[in-house]
Structures are given as structure tokens and as C-alpha cells.
Amino acid sequence: EKSQMDKDEL
Amino acid sequence: MNVFRLIGDLSHLLAILILLWKIWKTRSCSGISGKSQFLFALVFTTRYLDLFTNFISPYNTFMKIVYIVCSCVTVYFIYVKFKATYDSNHDTFRVEFLVVPVGGLAFLVNHDFTPLEILWTFSIYLESVAILPQLFMISKTGEAETITSHYLFALGAYRALYIVNWVYRYYFEGFFDLIAIVAGCVQTILYCDFFYLYITKVLQGKKLSLPA
Chain A
1 EKSQMDKDEL
Chain B
1001 MNVFRLIGDL SHLLAILILL WKIWKTRSCS GISGKSQFLF ALVFTTRYLD
1051 LFTNFISPYN TFMKIVYIVC SCVTVYFIYV KFKATYDSNH DTFRVEFLVV
1101 PVGGLAFLVN HDFTPLEILW TFSIYLESVA ILPQLFMISK TGEAETITSH
1151 YLFALGAYRA LYIVNWVYRY YFEGFFDLIA IVAGCVQTIL YCDFFYLYIT
1201 KVLQGKKLSL PA
């Protein structure tokens, strides 16, 4: 699963 | 953060500011697709819902706010302030043919079946096709103002640079997000035709005109 932290890209 | 993503973000920011500047200075949104700008505003509002719950860095938060504000101001300029100059006769792409399939796909193919993740996925898929109304409008009018072609070049370059960023992150960080990569490739491929025209015409000082 992708954690929310992975969403470091705009 | 790596240099490719930073240049990509700055190229994206440049594109958004070029468009705002063009509309404000010429007090006209002729040749601009309001539908594409509406889709971009939808992309940012559905992608950055975690703006206040998931702090990454000051840069990240700042850019998200700038993108959301600028895209909404652009839509306001087109549909309210400079409405008289909006060329609705040529901006006729049926956006429901984009939003509905993209919405369905976001439910079927995602990383996590949660509201925030599905909206993020919807936003990624939508961004890959959001420029279609604008490209369609240019194909209908057969030409684009030079400032508009610079806007499109910067916008296309941003996601092309993100692809380089994903290659870099795969090899150096072992990170990759297939949904973002596939959508990013589709998005960049849609610009190829325009990139060719931009490089062969606009950079030669000619006006961008599509073979009618």
C-alpha cells in the first residue's frame, strides 16, 4: 500500500 | 526532491503564471480553453485535499496553495471577468467524455480503496487528459498565439521532466508509482505533436499554425 507519506510529489 | 522534479515544478509554475499574465495583460482569454482550465482546477482541488492534514515541507505546501489559487483565478478570469473574450464557439470538447471514464477508472485501478486515495488517483488520471480540450480548440482554430504556445510548452515540459524524475527515483531511491508514471507518459505523449510544431515553428519565430 502507498502510505500518505509517499505523496511527496506535487 | 531532485533537480528534475524541481525544474519540472518550476516549469509548471511558469506555465500557470504565463497564462495568468497573458489573460491579465491582454485582458483577453482568446484562444484559451476554459474547459481545460476548469479541469486543471479540478485536478488540483481533488489532489491536494490533504493540504492541511499531511504536511510534507514548506515548499510542498506553498506550491499546492499557489496551484489551487492560480487555477481558480484563471477559471474566474475566463468565465467571469473576461467572459466577453472567451471563445466558447471553439471550446466545444465534451469534457464529460473525459471526467466520467477517468472517474470510473479511478474506482477500478488505484493503490488503496479510500476516498482520499481514489480522489488522488482521479486527479492523476484527469491531469493526463485535461489538456485535450485546449489542443482540440487549437486544432479547430488552426492556430495559437505565441504566448499560448509558450504556456503549452512549459506545461508539457513539466510532466516530461517528472518522467525523468521517476526514472531517477527508481534507480536511486527504489521508488516508483505506476499509476503516476503511466498517466504521466500518456500526458506527455499527448503533447508530442505540439512539441514538434513548437520546436519547428515557434522557435523559428513563426506563428504556431496547425495544417488546417
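Sequence lines, in order, name chains A and B.
When you line the first sequence up against the numbering used here, it's residues 1 to 10, in that order.
When you line the second sequence up against the numbering used here, it's residues 1001 to 1212, in that order.
Ideal Cβ positions, reconstructed from N, Cα and C, are used throughout, including at glycine.
Below-8 Å beta-carbon distance, residue i vs any chain B residue
i: GLN4 of chain A; result: At GLN4 of chain A the pLDDT is 48, less than 50, meaning the model places this residue with poor confidence; the figure from the coordinates comes in the next sentence. For GLN4 of chain A, the answer is yes, since a Cβ of chain B falls inside 8 Å of its Cβ.
Contact list for residue i against chain A, beta-carbon separation under 8 Å
i: TRP1120 of chain B; result: LYS7
i: ASN1002 of chain B; result: Near ASN1002 of chain B there are no residues of chain A at all, since even the closest Cβ is about 11 Å away, more than 8 Å.
Within chain A, the residues that residue i reaches when beta carbons sit closer than 9 Å
i: ARG1005 of chain B; result: GLU9, LEU10
Cβ of residue i within 8 Å of any chain A Cβ
i: ASN1089 of chain B; result: no
i: MET1137 of chain B; result: no
i: GLU1025 of chain B; result: Looking at the sequence shown, residue 1025 of chain B is not Glu but Lys. Not closer than 8 Å to any Cβ of chain A, the Cβ of LYS1025 of chain B fails to qualify, so no.
i: LYS1064 of chain B; result: yes
i: LEU1210 of chain B; result: no
Contacts that residue i makes with chain A (C-beta to C-beta distance below 7 Å)
i: ASP1215 of chain B; result: Absent from the structure is residue 1215 of chain B, since the part of chain B shown begins at 1001 and ends at 1212.
Distance between residue j and residue i (C-alpha atoms, nearest Å)
i: CYS1029 of chain B; j: PHE1097 of chain B; result: 24 Å
i: TYR1191 of chain B; j: GLY1156 of chain B; result: 6 Å
i: ALA1106 of chain B; j: SER1123 of chain B; result: 9 Å
i: PHE1175 of chain B; j: VAL1080 of chain B; result: 43 Å
i: ASN1089 of chain B; j: LYS1035 of chain B; result: 12 Å
i: PHE1055 of chain B; j: LEU1049 of chain B; result: 11 Å
i: THR1053 of chain B; j: TRP1166 of chain B; result: 25 Å
i: VAL1066 of chain B; j: LEU10 of chain A; result: 11 Å
i: THR1092 of chain B; j: PRO1133 of chain B; result: 7 Å
i: PHE1044 of chain B; j: CYS1070 of chain B; result: 10 Å
i: LEU1152 of chain B; j: THR1114 of chain B; result: 33 Å
i: LEU1126 of chain B; j: ILE1007 of chain B; result: 22 Å
According to DSSP, residues forming a beta bridge with residue i
i: LEU1208 of chain B; result: B:ALA1144
Interface flag, residue i vs chain C, CB-CB below 8 Å
i: ASN1110 of chain B; result: Going by chain labels, chain C is absent from the structure shown, which instead holds the protein chains A and B.
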